[in-house]
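What follows is a short report on a single structure.
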Amino acid sequence: MASVSRHVECYDRGDRLRQLSQKQYSSGAVQSSIKTLYNTLWEAAIYCSQDGNKRFIPFDVLQLARDRRLVQETLQQKKLGFPKADIPRVLDAICSSQNPESRSSFFRVFSVLVLCKNTGYITKFVDEGIDDSYLPLPFIRRNGDGITIVRHKHEINRPSVPENVLRDIFKDSDDWDHGNLSNFNTRQWWTIAPFFGHEDNTIPHYVLESGDVLPFTEKKREMPPKIGDVQEGEDPLDDETLLKEGGFGEVSIVKIHPSHYDFGKQPYTDGSHGFALKRLKSPNTNDFNLEVGALSKYNQGIDKHLIPLLATIEKEDETSKYYLLFPEANGDLHFFWKNHFNKPTDESLLRWMAEQCLGITRALSMLHQDQDTHKNDDYPIYGRHGDIKAANILWFAEAGATGPSGWQLVLSDFGLMRFHRLMSRSIQTARNLQKTITYQAPEFDIAKISRKSDIWALGCTFLEFITCYIFGYDAVNKDLPSRRGEYDERLKFDADKFYRTIDGNKKAELKPVVRDWISGLHSDPKCSQYIHEFLNYIENSMLCIERDKRPTASEVAQSLESLLNKCQSASYLSSKSSSSKR
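And the structure:
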């Protein structure tokens with residue numbers, strides 16, 4: 284059984300994980316020697332690519348605020364009039380050890396005060412013990428002769444400054460007028476941008492305030508929701524909205540500042556600091572927990588052909604509440620087919636395809652494995668992927684990899700995956716599920732749905748894989764879909780499903796054009812003995828109309844492993860056999 288990663292709430296913006304990180308930062312103190320600390324911090328502030336109105340100071344620069352020489356120069360400025368007698372103890376407090384367990388740190392507080400040009404107030408913060416762990420302070424606004432204090436939503440989960448202490452610190456209306464209080468309220472967020480890290484078998488859940496600034500330096504592109512041909516929130520068979528079934532969202536590719544993350548050694552990364560950020564459209568906590576529950580249960584990693592969930596974020600803003608962070612892939616399977624597998628002549632890619640198809644199947648078997656001990660597919664506890672297709676299989680490539688030895692395919696997007704119990708509904712019907720029409724199994728029209736529906740979709744995807752190898756990408760993207768297209772009476776539009784219903788929608792059959800297509804693949808000179816046998820297995824087993832006769836994921840894996848073992852023979856991959864289907 285797969286080990287479950289714990290989903291752990293993180294209220295300190297990753298400070299503890301930063302302490303555990305082995306990442307080294309260049310202080311830049313020498314280069315900054317001719318600048319004041321104020322100018323150094325101000326010029327380093329970066330606008331967040333996720334929200335162009337907010338800025339953050341990268342940690343590798345922010346830590347200059349505890350550089351002893353630079354801090355001492357700041358405190359000794361004549362215009363500041365800082366008491367010389369106080370400098371040693373304040374200097375020690377600001378430039379303390381980086382280990383939070385040994386001493387409190389004040390360099391972030393000091394940075395905010397420097398940026399507000401009220402540096403001298405650091406003495407009050409040190410004397411009151413208001414260190415960096417208290418940031419962000421509540422929203423403070425001047426109200427006549429007094430001030431108004433508004434607490435943050437999650438302040439209860441960290442140290443909180445008593446109101447009388449805050450009123451005493453900010454009571455001087457000359458030093459803290461409306462403008463300077465506004466600056467403090469804003470610029471404190473610049474200094475506390477989260478650090479994304481990890482511990483073994485855990486997925487950190489960053490619980491942030493709406494004012495927090497994510498350390499994203501670039502938003503490279505936005506990808507459309509991968510939920511199939513039906514628009515989100517619309518079911519052609521039902522008026523129920525999609526969000527009732529789960530937390531779907533949009534994926535964008537972002538770059539995280541290198542001093543704000545450390546996920547250890549991650550395979551198949553190119554060093555570009557890119558990550559996939561999925562924004563869930565549903566603000567519902569149950570939807571979020573369903574999605575994370577599936578991902579954390581099978582958080583095995585790229586080497587196991589499953590997409591790893593690196594972290595989750597809870598941050599209420601104008602567009603969303605929940606975010607999921609994943610490694611950035613080089614593209615999906617369609618992108619790979621078009622650019623690296625378009626009717627290839629290198630037969631070594633065929634063995635790689637065999638390995639990857641087996642790996643993806645094993646990953647699916649892992650998702651299905653809750654029921655390995657139960658032969659009845661209707662057992663009340665079961666998991667399924669629910670949306671297997673080329674767009675949800677990602678291609679990862681190691682930096683500099685030009686061939687298959689550095690490539691890996693990964694099963695992703697468990698957005699439709701659910702773990703159902705008999706007390707709610709043991710078997711769901713098609714009318715209550717959002718599903719990609721193209722790859723949907725016959726039981727969506729004529730029977731009840733189970734995990735065997737994933738096998739059908741996987742068979743369709745494998746057929747496309749072989750098609751791309753023999754005929755090229757245009758055949759996958761244009762020719763085969765156009766041949767499958769025919770009017771669907773129930774859907775009331777042309778559908779390119781691999782099956783069609785007959786006898787008044789009571790039965791189904793594999794579309795004759797699909798069988799003809801498979802025959803055409805068998806007849807091609809490029810079709811080796813391996814492909815012949817793989818096509819036979821796809822057509823006769825994985826695309827079996829009768830759900831109960833379709834193999835389980837583990838059985839498919841066993842069959843593909845047997846085919847892969849035969850690939851040790853070069854002739855099995857390359858020789859043109861006269862044998863064909865059946």
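Oh and the sequence shown: position 16 is 299 in my numbering, straight run, nothing missing.
Positions of the beta carbon are idealized from the N, C-alpha and C atoms, including for glycine.
The model shown is predicted, which means the values in this text are computed figures rather than measured ones.
By alpha-carbon positions, which one of P627, R798 and P725 ends up nearest to P687?
If we check each option's Cα against that of P687, P627 comes out closest.
Using 10 angstroms around the beta-carbon of V433, count the other beta-carbons present and answer buried if the total reaches 16, otherwise exposed.
exposed
Is the closest heavy atom of the ligand MG to the C-beta of D553 under 7 Å?
Looking for the ligand MG in the displayed structure turns up nothing, as the structure carries no ligands at all.
Just reading off the beta strand (DSSP E) that A559 is part of, what are its end residues?
G557 to L563
Identify the continuous beta strand (DSSP E) that holds Y605 and give its terminal residues.
Y605 to P610
Can you tell me whether DSSP reads P566 as helix, strand or coil?
In the three-state reduction of the DSSP assignment, P566 falls in the coil class, being assigned neither a helical nor a strand state.
Write down the C-beta distance between L694 and I590 rounded to the nearest angstrom, noting that I regard them as a contact closer than 8 Å.
7 Å
When burial is assigned at 16 or more other CB atoms within 10 Å of the CB, is A476 buried or exposed?
buried
What's the C-alpha gap between N401 and D458?
7 Å
Give every residue of the same chain whose Cβ lies closer than 7 Å to the Cβ of N493, excluding the five residues on either side of it in the sequence, and list them in chain order.
Reading the sequence as shown, one finds Ser at residue 493 and not Asn. Once the five neighbours on either side are set aside, the close Cβ partners of S493 are K598, E599 and D600.
DSSP three-state call for N613: helix, strand or coil?
It is coil, neither helix nor strand.
Supposed close pair K580, V287 - CB separation, criterion 8 Å
5 Å
If I423 sits next to N468, beta carbons under 8 Å apart, how far is it from one beta carbon to the other, in whole angstroms?
A Cβ-Cβ distance of about 6 Å is found for the pair I423 and N468, placing them in contact under the 8 Å criterion.
Taking C-alpha atoms, which residue in S733, L804 and L847 lies nearest to L818?
L804
Distance, W472 Cα to L647 Cα:
42 Å
Given a cut-off of 8 Å, decide if L449 and P421 are closer than it, judged by their beta-carbon atoms.
yes
Tell me, please, whether the stretch 613-624 touches the stretch 751-765 by the rule of three or more beta-carbon pairs shorter than 8 Å.
yes
Cβ of A327 within 8 Å of Cβ of S394?
no
Which residue's Cα is closest to the Cα of S898: D369, V409, A368 and G403?
Within the shown structure, residues of the chain are numbered from 284 to 865, placing residue 898 beyond reach of any answer.
Using a Cβ-Cβ cut-off of 6 Å (strictly less than) and excluding sequence neighbours within five positions of K337, which residues of its own chain qualify?
Excluding residues within five positions, the ones whose Cβ falls inside 6 Å are C331 and V496.
Note the first and the last residue of the continuous alpha helix (DSSP H) segment covering C743.
K735 to I753
Can you have a look at L303 and say buried or exposed, based on whether 16 or more other CB atoms are within 10 angstroms of its CB?
exposed
Mark H481 as exposed unless 16 or more other C-beta atoms lie within 10 angstroms of its C-beta, in which case mark it buried.
buried
By alpha-carbon positions, which one of N582, W739, A612 and T750 ends up nearest to S802?
T750
Run through DSSP, which three-state label would D455 get?
coil
6 Å Cβ shell around R833 - same chain, five flanking residues per side excluded
K735, I738 and C827
Does the Cβ-Cβ distance between Q691 and I585 come in under 8 Å?
yes
By DSSP, does G480 sit in helix, in strand, or in coil?
In this structure, G480 counts as strand in the three-state DSSP scheme.
I'd like the list of long-range same chain contacts for I430, defined as Cβ closer than 7 Å, with 5 residues on each side in sequence excluded.
Excluding sequence neighbours, I430 sits near I423, R424, R450 and F453.
Kindly provide the ranges of any alpha helix (DSSP H) runs that are 4 or more residues long and lie completely inside the stretch 340-407, ordered along the chain.
342-345, 351-358, 370-377 and 390-398
Taking L641 and L843 to be in contact with their CB atoms under 8 Å, please state how far apart those CB atoms are, rounded to whole angstroms.
4 Å
Excluding sequence positions up to five away, which residues of its chain have a Cβ less than 7 Å from the Cβ of E292?
Counting only Cβ-Cβ distances below 7 Å, and skipping sequence neighbours, we find H488 and V490.
What span of residues does the beta strand (DSSP E) with K790 cover, start to end?
K790 to L793
Distance between F546 and Q266 (C-alpha atoms, nearest Å)
Outside the displayed range of the chain (284 to 865) lies residue 266, so it cannot be described from this structure.
Can you name the residues that DSSP bridges to P764?
Its beta-bridge partners do not exist; DSSP assigns none.
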